[in-house]
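Enquirer: Can you read through this structure? Questions will come right after.
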Amino acid sequence: MAVTALEGEAPQFRQGLQSGVSIAIGYAPVALTYGLLAKTTGLTMTETVLMSLIVFAGASQYIALNLLALGTGAFEIILTTFIVNIRHFLMSTALNEKSYEEDGLLKKATYSFGLTDETFSVAATKPGTVTAGYMFGLILMAYSSWVICSGLGHLFGASLPKTLQESMSVALYAMFIGLLAPSMKGAKKVIYLAVVAACFNSVFTVTEAMSSGWSIVLSTLISSFIIEFIEYTKRKKGGSSGE
Amino acid sequence: MNSTVIGMIIGMAVVTYIPRLLPFVLFKGKEMPFFLQGVLKNIPYATLGALIFPGVLLIQDDITYGLLGAAAAILIAYFGANVIVVVLGAIAVLSVYSIFIPL
Numbered sequence: 035m036a037v038t039a040l041e042g043e044a045p046q047f048r049q050g051l052q053s054g055v056s057i058a059i060g061y062a063p064v065a066l067t068y069g070l071l072a073k074t075t076g077l078t079m080t081e082t083v084l085m086s087l088i089v090f091a092g093a094s095q096y097i098a099l100n101l102l103a104l105g106t107g108a109f110e111i112i113l114t115t116f117i118v119n120i121r122h123f124l125m126s127t128a129l130n131e132k133s134y135e136e137d138g139l140l141k142k143a144t145y146s147f148g149l150t151d152e153t154f155s156v157a158a159t160k161p162g163t164v165t166a167g168y169m170f171g172l173i174l175m176a177y178s179s180w181v182i183c184s185g186l187g188h189l190f191g192a193s194l195p196k197t198l199q200e201s202m203s204v205a206l207y208a209m210f211i212g213l214l215a216p217s218m219k220g221a222k223k224v225i226y227l228a229v230v231a232a233c234f235n236s237v238f239t240v241t242e243a244m245s246s247g248w249s250i251v252l253s254t255l256i257s258s259f260i261i262e263f264i265e266y267t268k269r270k271k272g273g274s275s276g277e
Numbered sequence: 022m023n024s025t026v027i028g029m030i031i032g033m034a035v036v037t038y039i040p041r042l043l044p045f046v047l048f049k050g051k052e053m054p055f056f057l058q059g060v061l062k063n064i065p066y067a068t069l070g071a072l073i074f075p076g077v078l079l080i081q082d083d084i085t086y087g088l089l090g091a092a093a094a095i096l097i098a099y100f101g102a103n104v105i106v107v108v109l110g111a112i113a114v115l116s117v118y119s120i121f122i123p124l
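As you go down the protein sequences, you meet chains A and B in turn.
First residue of the first sequence: 35, per the working numbering; consecutive thereafter.
First residue of the second sequence: 22, per the working numbering; consecutive thereafter.
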């Protein structure tokens with residue numbers, strides 16, 4: 035076992051890098067725009083890149099800029115960041131279940147820093163267990179794109195053609211769809227899970243019932259519970275009714 | 022350099038890292054109950070659903086823009102294309118669209 039794990043380390047890392055390419059492409063326009071917005075909000079180059087370096091969370095970085103522009107205080111911005119990113123707790127819990135047991139806590143604690151909606155989605159839809167080597171490769175690729183493009187955005191974001199900037203805003207959503215679609219084929223459960231969560235999140239968003247961070251957490255939890263509960267009850271009733 | 026902004030960024034970094042780290046520490050080596058394991062296995066797919074909708078429809082004021090992008094991505098993904106192809110394909114479709122119908 036240990037021997038296979040050692041031999042597997044380098045290919046795992048390379049496999050992670052490869053899986054990270056689509057995230058790197060998706061991050062590029064988002065980070066470029068972030069860098070540009072940060073500049074217009076009045077952040078220096080150092081502050082802009084520092085935020086990408088140590089926070090590494092797209093949505094909350096955008097929100098922070100927005101709040102800064104509105105003149106919101108630092109404490110409120112930090113609190114909002116926490117609320118927006120609490121959904122990562124859920125993702126880390128799910129990934130912990132999938133993580134390779136032999137990797138120690140130190141490795142897992144290190145790669146947990148790089149957990150985003152995107153790195154999580156790629157790692158969690160990957161078949162089998164997730165090793166630290168794979169996570170390091172995946173995160174390194176995504177993180178580099180995020181940090182470098184944030185800096186580039188601060189430097190020359192304004193000179194990008196507007197049409198391209200706009201059409202690239204779809205990139206991350208396209209990636210999520212690309213990750214979800216193969217799992218949906220032949221698996222009704224996956225379809226139900228995604229659709230139910232999408233419906234709840236849409237209702238919460240349209241009614242402005244809560245912040246987007248909580249909305250994602252709640253709709254994910256509700257959907258995961260309901261579908262599991264239905265399957266569980268069906269299975270209990272006997273094999274004939276459950277397909 | 023503004024020290025309040027630097028302090029704020031460090032604060033943001035701390036509160037972002039905690040929820041990412043905590044589950045690995047709290048649930049280390051713990052065997053979850055069978056039902057809960059099932060729920061956790063569901064989370065990636067439910068999260069993806071919630072991350073895609075309604076967000077993708079709201080990327081521009083014009084809702085057809087997001088719809089078209091999503092439809093293109095679903096179609097390309099349906100034919101089993103690699104994720105990168107799905108991403109580039111959706112960008113290409115929307116680029117063509119915005120050339121003909123300026124926002």
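Virtual Cβ for every residue (Gly too), placed ideally from N, Cα, C.
Owing to the predicted nature of the structure, the values given are computational and were not obtained by experimental measurement.
Using beta carbons (cut-off 7 angstroms, strictly below), is L66/A in contact with chain B?
Expert: no
Enquirer: Taking the alpha-carbon positions, what's the I88/A to T85/B distance?
Expert: 36 angstroms
Enquirer: How many angstroms separate the CA atom of F116/A from the CA atom of V35/B?
Expert: 9 angstroms
Enquirer: Since T239/A meets chain B, which of its residues come closer than 7 angstroms, beta carbon to beta carbon?
Expert: The answer, in chain order, is P75.
Enquirer: Just reading off the alpha helix (DSSP H) that G220/A is part of, what are its end residues?
Expert: Under the DSSP assignment, G220/A falls outside any alpha helix (DSSP H); it carries neither an H nor an E label.
Enquirer: Check whether the Cβ of T68/B lies closer than 7 angstroms to any Cβ atom in chain A.
Expert: yes
Enquirer: Is the shortest distance between the beta-carbon of T85/B and the beta-carbons of chain A less than 7 angstroms?
Expert: no
Enquirer: In whole angstroms, give me the CA-to-CA distance for I30/B and T165/A.
Expert: Roughly 30 angstroms separates the two Cα atoms.
Enquirer: Which runs of the alpha helix (DSSP H) fall wholly inside the stretch 232-257 of chain A and span at least 4 residues, in chain order?
Expert: none
Enquirer: Could you check the C-alpha separation between L227/A and E152/A for me, to the nearest Å?
Expert: 18 angstroms
Enquirer: Are at least three pairs of beta-carbons, each pair with one atom in the stretch 61-71 of chain A and one in the stretch 159-173 of chain A, less than 8 angstroms apart?
Expert: no
Enquirer: How big is the Cα-Cα spacing for F263/A and I122/B?
Expert: 46 angstroms
Enquirer: Taking only three categories from DSSP, how would you classify V89/A?
Expert: Of the three classes helix, strand and coil, the one that applies to V89/A here is coil, per DSSP.
Enquirer: Within the chosen definition, does the stretch 168-181 of chain A reach the stretch 71-80 of chain B through at least 3 CB pairs nearer than 8 angstroms?
Expert: no
Enquirer: Within 7 angstroms of any Cβ in chain B, is that where the Cβ of N119/A sits?
Expert: yes
Enquirer: For S246/A, which residues of its own chain have a beta-carbon under 8 angstroms away from its beta-carbon, when the five flanking residues on both sides are left out?
Expert: A93, V118, T239
Enquirer: Could you check the C-alpha separation between A39/A and T159/A for me, to the nearest Å?
Expert: Bear in mind that a pLDDT of 47 at A39/A, under 50, signals an unreliable position, so the model cannot answer this.
Enquirer: Would you mind sorting L47/B into buried or exposed? The rule is 16 or more other CB atoms within 10 Å of its CB.
Expert: exposed
Enquirer: Going by DSSP, what residue range makes up the alpha helix (DSSP H) through S184/A?
Expert: 166-190
Enquirer: Just checking: is the beta-carbon of A92/B within a distance shorter than 7 angstroms of some beta-carbon in chain A?
Expert: When Cβ-Cβ separations below 7 angstroms define contact, A92/B makes no contact with chain A.
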